[in-house]
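Residue numbers (the numbering used here): 166 to 746.
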């Protein structure tokens, strides 16, 4: 039995030795493999891990959008750097610095009460605590000098508009928070020019230690360390001096007449550059989140309305283009007439009756509805429609701002006789304010319609984006201009100036109901014209919505604004007088 016991123990020892041998062989093989692996990654795969390590401590500078300037170099929009201050509870160490001590150190720098900061630091169940947003560079540097490991700071940018409300509907706004397309949320030029504003050169990263110090080597670019990456700047055609005048005069008139909204647009008809684009109600892009949708909407692009008697310029021009009339045409004005089921009469028919035979100058001066209808009836619906399309109605002007409407111009096949009649004096079609500017500017520019724009392009870009459309001959354009000029001079318009001839027309139209069924008791009042009439350099369009009190006409509401703006713009641009010369 004893031999059996020894035999059994020997077997167990042999089994154990065999297993230990297997483990030793395995460990030896594992050790050899580990050595080979380390040798491989440190010798043969060195570049991969160097690059990976470099990425862990490389740092790219913050990216800033380009600035926006007016035509004279005045800054209208820019990015500014700010910092958010946080606290990391996992880094708190009462042996080094208590929460009370942290609060005491930070309070004078952050301009906060120590008790407020302490309450934030005592928050539970959070990895990061926001102490304050938007501190300045000076505050950041003061905190950095304290070398508080528990207090990290995050560098960010925000969009700032130094001129605040000025040209707010042109500039728009920008929010760095990403939208659905991964880019910031924007409006106005901030949106249409974002590819330029965000166009940056290839970024050069720099290497930093975990504490934020730059690791310099022979390839480090000193400028890349200190300068942020910045997009390209954009220059606008807007002149802030003229913009200020337009906004001021518009605001005064809106307040005086208790109007709902209004706009003043000033454009160079020769090249389509918009010098001022004032839209009321205004808003401050710095605080756009607090503005209502009504304030932020550029209604001169999105909303359509009946232009009223200013459209008579287009009606007379259309008939002249088609050869239906000439400058010496005489039209019989009955003062009142019936088309289909509708009665049309002049605004003063009840007091002055029928004017009889009138010239085109008298038509504009008197703003005759009946004479305009008679001229429209000389054209077929197709002819009239074709010329209106050449003037740009029924399509976008192509202005470099978002949200433009095509207006409302029905196909001629659906026109009734009364539709064409109403269109002749500004009711059959609905337009946007910028469409009226573009159309009348063609007359001021020898019959050539130029794409209106607010961005000042280099010549190569200008040639691609700005289109020139011949609407009428230069002689026809001069004829219409002379007719308008004479009507202003002979009439009692408040737009008449001492030193300049003005070619202009006022307009008044009933405001349609929002449901499209009938009209409200309010009016659109407007005035559009250009000067000097003998050599047009500036076109001005004024439109006021829902003025209240007294006589509400284009000549009483919009015309005084036009005159005030024209007088000051002529002085700013140093226009050469064409009267008495």
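From the three backbone atoms N, C-alpha and C, an ideal C-beta is built for every residue, glycine too.
Residue of the options minimising C-alpha distance to residue i
i           : options            : result
residue 238 : 337, 193, 293, 402 : 402
residue 500 : 354, 249, 531, 585 : 531
residue 566 : 350, 463, 275, 437 : 463
residue 633 : 607, 625, 276      : 607
residue 522 : 443, 504, 497      : 497
residue 665 : 183, 258, 739      : 739
residue 749 : 298, 360, 400, 599 : Summary: the structure shown does not reach residue 749, with the chain confined to residues 166 through 746, and so no result is reported for it.
residue 602 : 430, 364, 186, 251 : 430
residue 491 : 525, 292, 510, 535 : 525
residue 694 : 670, 688, 709      : 670
residue 690 : 699, 435, 362, 706 : 706
residue 323 : 351, 291, 704, 244 : 244
residue 466 : 519, 596, 613, 423 : 596
residue 356 : 366, 336, 433      : 336
residue 647 : 627, 697, 672      : 697
residue 298 : 659, 285, 583, 248 : 248
residue 631 : 703, 686, 564, 692 : 564
residue 469 : 442, 555, 561      : 561
residue 233 : 400, 593, 713      : 400
residue 520 : 544, 507, 495      : 495
residue 434 : 604, 408, 185, 708 : 604
residue 710 : 426, 533, 553, 442 : 426
8 Å contact criterion, which residue i and residue j should meet: CB distance rounded
i           : j           : result
residue 591 : residue 727 : No, residue 591 and residue 727 are not in contact; Cβ-Cβ is about 17 Å, not under 8 Å.
residue 446 : residue 326 : So it is not a contact: roughly 16 Å between Cβ atoms.
residue 618 : residue 349 : With a Cβ gap of about 23 Å, residue 618 and residue 349 do not count as contacting.
residue 251 : residue 296 : 6 Å
residue 614 : residue 636 : 5 Å
residue 230 : residue 338 : Wrong, their Cβ atoms sit about 12 Å apart, outside the cutoff.
residue 303 : residue 361 : About 32 Å; that fails the 8 Å criterion.
residue 734 : residue 688 : Actually they do not touch by this definition, with Cβ atoms about 26 Å apart.
residue 594 : residue 558 : 6 Å
First and last residue of the uninterrupted alpha helix (DSSP H) at residue i
i           : result
residue 706 : Here residue 706 belongs to no alpha helix (DSSP H); instead the beta strand (DSSP E) covers 703-710.
residue 131 : Here the chain has residues from 166 to 746 only, and residue 131 is not among them.
residue 752 : Beyond the ends of the chain as shown, which are 166 and 746, falls residue 752; an answer cannot be given.
residue 627 : 624-630
residue 646 : 639-655
residue 581 : Residue 581 -> no alpha helix (DSSP H), and no H or E assigned at all.
residue 361 : 359-362
Start and end residues, beta strand (DSSP E) containing residue i
i           : result
residue 267 : Taken as a continuous stretch (DSSP letters only), residue 267 belongs to no beta strand (DSSP E), being part of the alpha helix (DSSP H) at 264-275.
residue 763 : Since the displayed the chain opens at 166 and closes at 746, residue 763 lies outside it and no answer follows.
residue 253 : Taken as a continuous stretch (DSSP letters only), residue 253 belongs to no beta strand (DSSP E), as it is neither H nor E.
residue 463 : From DSSP, residue 463 is part of no beta strand (DSSP E); its letter is neither H nor E.
residue 633 : 633-635
residue 669 : 668-677
residue 573 : From DSSP, residue 573 is part of no beta strand (DSSP E); its letter is neither H nor E.
residue 490 : Segment: none, residue 490 is in no beta strand (DSSP E) and carries neither H nor E.
residue 695 : 684-696
residue 615 : 613-615
residue 294 : 294-300
Chain B within 9 Å of residue i, Cβ atoms only
i           : result
residue 485 : Here chain B cannot be found, since the structure has a single protein chain.
Can we say the stretch 268-276 touches the stretch 308-316, given the rule of at least three CB pairs closer than 8 Å?
yes
Segments of 4+ residues assigned as alpha helix (DSSP H) that fall wholly inside the stretch 492-524:
514-517
Do the stretch 641-657 and the stretch 479-497 make contact, defined as three or more Cβ pairs closer than 8 Å?
yes
Suppose only complete runs of 4+ residues qualify. What are the alpha helix (DSSP H) ranges in the stretch 381-456, listed by chain order?
387-391, 405-422
Which runs of the alpha helix (DSSP H) at least 4 residues long sit entirely within the stretch 306-351? Give them in chain order.
333-336
Is the number of C-beta pairs between the stretch 567-574 and the stretch 677-684 that are closer than 8 Å three or more?
no
Should the stretch 618-630 be called in touch with the stretch 573-580, which here means at least 3 C-beta pairs below 8 Å?
no
Mind the definition here: the stretch 540-551 touches the stretch 325-337 only if three or more C-beta pairs lie below 8 Å; say whether that holds.
no
Inter-stretch contact (C-beta, 8 Å, three-pair minimum) for the stretch 716-736 and the stretch 413-429
yes
Touching or not, the stretch 543-551 and the stretch 506-517, by the rule of three or more beta carbon pairs under 8 Å?
no
In chain order, what are the residue ranges of uninterrupted beta strand (DSSP E) at least 3 long that sit wholly in the stretch 534-564?
none
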